[in-house]
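>
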Amino acid sequence: MPLVHFFETSVGRTTERRIVLVTVHCEGVDGWGECTAGERPFYSEESTDTAWYVLRECLAPAFIGLELDSGRDAARRMPAVRGHRMAKAALENAVWDAEAQVKQVPLWKLVGGNRKEVPAGVSIGIQDSHEQLLEQIEAEVAAGYQRIKVKVKPGWDVEVLAKIRAQFPEIMLSCDADSSYTLDHAEHLKQFDQYRLLMLEQPLWSDEIYLHSLLQYELSTSLCLDESILSARHALAAIELKACRILNVKLGRVGGFSEAIRIHDVSLAAEIPALCGGMLESGIGRSHNVALSTLNGFSLPGDVSASARYWKEDIIEPEVTVAPWGTIVVSDSVGRGYTIKEDLIERLTVRKETFRG
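Each residue of the sequence shown is one higher than the one before, counting from 6 in our numbering.
#1: On the DSSP letters alone, give me the boundaries of the alpha helix (DSSP H) that Trp57 sits inside.
#2: The beta strand (DSSP E) with Asp270 in it runs from where to where?
#3: If contacts are defined as beta-carbon pairs under 8 Å, then Phe303 and Ala65 qualify, I think. What distance do you get, rounded to the angstrom?
#4: Determine, using beta-carbon pairs with one atom in the segment 218-229 and one in the segment 188-207, whether at least three such pairs fall under 8 Å.
#5: Closest to Leu235 by CA distance: which of Leu220, Arg87, Glu324 is it?
#6: Buried or exposed: which applies to Tyr222, given that a residue is buried once 16 or more other Cβ atoms fall within 10 Å of its Cβ?
#7: What is the DSSP secondary structure of Leu8, reduced to helix, strand or coil?
#8: List the DSSP bridge partners of Pro124.
#9: On the DSSP bridge assignment, give the partners of Cys229 in chain order.
#10: Use the C-beta contact count for Gly340: other C-beta atoms within 10 angstroms, 16 or more gives buried, fewer gives exposed.
#11: Okay, do the segment 311-319 and the segment 264-282 touch, 3+ Cβ pairs below 8 Å being the bar?
#12: Relative to the C-alpha of His89, which candidate in Ala125, Gly261, Ser184, Glu192 has its C-alpha closest?
#13: Can you give me the C-alpha to C-alpha distance between Ser225 and Asn98, rounded to a whole angstrom?
#14: Hey, would you say the C-beta of Glu213 is under 8 Å away from at least one heavy atom of the ligand COA?
#15: Starting from Ile169 and walking both ways along the alpha helix (DSSP H), at which residues does that stretch end?
#16: How would you call Ser184, buried or exposed, if buried means at least 16 neighbouring beta carbons within 10 angstroms?
#17: Quick check on Ile289: buried or exposed, where buried means 16 or more other Cβ atoms within 10 Å of its Cβ?
#18: Skipping 5 residues on each side, what residues in its chain have a beta carbon closer than 7 Å to that of Gly149?
#19: Taking 8 Å as the cut-off, does the segment 253-267 touch the segment 279-296 (at least 3 CB pairs, one atom from each stretch)?
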């Protein structure tokens with residue numbers, strides 16, 4: 006699926022997405038899940054192709070003919086595969102979707118949500134020029150998004166933030182470093198404090214918690230951890246070490262709804278605000294993000310934005326839209342709340358494998 010506009014972070018530029026989808030057939034319904042891994046193992050160790058391999062060789066065969074009580078049960082019944090959380094999430098979330106349909110309830114209610122509207126934020130990648138970035142921000146502010154997040158890296162940070170604040174003094178602004186700094190940059194990162202940021206996301210190493218606690222001590226700006234948080238155990242450690250003041254929870258990164266809900270519960274108990282992150286998902290993954298965002302602990306506008314920001318045509322209908330006041334209105338329809346465009350998916354499909362009991 007080609008992106009409407011390229012998306013660039015400190016690790017590279019994305020212009021199109023190759024996406025692995027999982028369909029679970031059970032009790033007369035089809036549950037759908039999406040693997041959020043990128044085409045290359047840059048965000049994490051996983052990629053589109055490693056997920057395809059793990060799903061085909063290990064996960065899907067183990068679920069054929071399996072009797073499951075719930076989506077949570079699916080998480081407990083995964084084969085003894087270490088890591089590969091994005092592959093696991095694609096399968097587990099498909100089971101949650103199927104469970105919601107079998108029980109005739111909206112997915113967001115099944116996962117424990119209770120909000121009919123969720124605040125929407127937008128993540129804007131590194132652009133070809135400062136002017137291009139400012140134009141994009143202006144468009145997203147006009148579209149109603151409640152929070153603007155921009156990507157930063159050494160050489161594309163302080164000057165950029167200064168220009169944004171000069172033109173947009175009142176917006177809720179945050180930035181995401183995608184692990185592009187080290188602790189040696191601490192003095193440089195202190196300059197971020199003057200721009201009244203909601204947060205600085207994942208400035209240091211992707212597998213690091215302790216050193217983030219040292220950096221947080223030096224900064225007035227709240228740190229948000231993303232890549233470092235793979236489980237509720239990691240979230241608890243980060244909170245105890247005071248390594249961050251905000252948590253970004255991504256369904257794929259943590260292995261699916263079950264672990265995402267556990268992390269949410271940890272953050273809520275500690276009164277640490279959380280947000281639902283995004284991974285350039287198609288409408289299937291996006292609909293799951295909407296459902297997760299309805300939990301009370303996701304009090305900050307997340308990275309769940311409108312389908313049209315990314316795709317000329319999404320694979321769901323209706324497409325995800327953002328109201329002029331900056332929220333996504335949650336559907337009361339059974340399951341994920343959006344219909345799958347199976348004909349479009351078939352036209353886009355380049356390989357397919359079916360497992361039968």
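Each residue gets a CB set at the ideal place from its N, CA and C atoms; glycine is no exception.
According to the data block:
#1: Start at 1 with the first residue of the sequence shown, and residue 57 comes out as number 52. Run containing Trp57: 53-59, per the alpha helix (DSSP H) assignment.
#2: Here residue 270 is taken as the residue at index 265 of the sequence shown, counted from 1. No beta strand (DSSP E) contains Asp270, which is instead part of the alpha helix (DSSP H) from 262-274.
#3: By one-based count along the sequence shown, residue 303 stands at place 298. By one-based count along the sequence shown, residue 65 stands at place 60. So it is not a contact: roughly 30 Å between Cβ atoms.
#4: The segment 218-229 vs the segment 188-207: in contact.
#5: On the sequence shown, residue 235 is found 230 positions in, with the first residue counted as 1. Closest by alpha carbon: Arg87.
#6: The residue given as residue 222 occupies position 217 in the sequence shown. Its Cβ having fewer than 16 others within 10 Å, Tyr222 is exposed.
#7: Residue mapping note: residue 8 aligns to position 3 of the sequence shown, counting from 1. Strand.
#8: Start at 1 with the first residue of the sequence shown, and residue 124 comes out as number 119. The partner list for Pro124 (beta bridge, DSSP) reads Thr332.
#9: In the sequence shown, the residue the question calls residue 229 occupies position 224. In the DSSP output, where bridge partners are listed per residue, Cys229 has Glu206, Ile251.
#10: Working through the sequence shown from its first residue, we reach residue 340 at position 335. Under this definition Gly340 is a buried residue.
#11: By the Cβ criterion, the segment 311-319 is not in contact with the segment 264-282, since fewer than three pairs of Cβ atoms, one from each stretch, lie closer than 8 Å.
#12: Here residue 89 corresponds to residue number 84 of the sequence shown, with the count starting at 1. When only C-alpha atoms are compared, the closest one is Gly261.
#13: Mapped onto the sequence shown, residue 225 falls at position 220. Mapped onto the sequence shown, residue 98 falls at position 93. If you take the alpha carbons of Ser225 and Asn98, they lie about 37 Å apart.
#14: Inclusion of the ligand COA in the displayed structure is not the case, the ligand content being empty and no account of it being possible.
#15: Mapped onto the sequence shown, residue 169 falls at position 164. Per DSSP, Ile169 belongs to the alpha helix (DSSP H) from 163-172.
#16: Walking along the sequence shown from the start, residue 184 turns up at place 179. Per the 10 Å Cβ criterion, buried.
#17: Counting from 1 along the sequence shown, the entry for residue 289 is found at position 284. Looking at its Cβ environment, which holds 16 or more other Cβ atoms inside 10 Å, Ile289 is buried.
#18: Translated into the one-based positions of the sequence shown, residue 149 becomes position 144. Within the same chain, Gly149 has close Cβ partners Val327, Ala328, Pro329, Trp330, Gly331.
#19: yes
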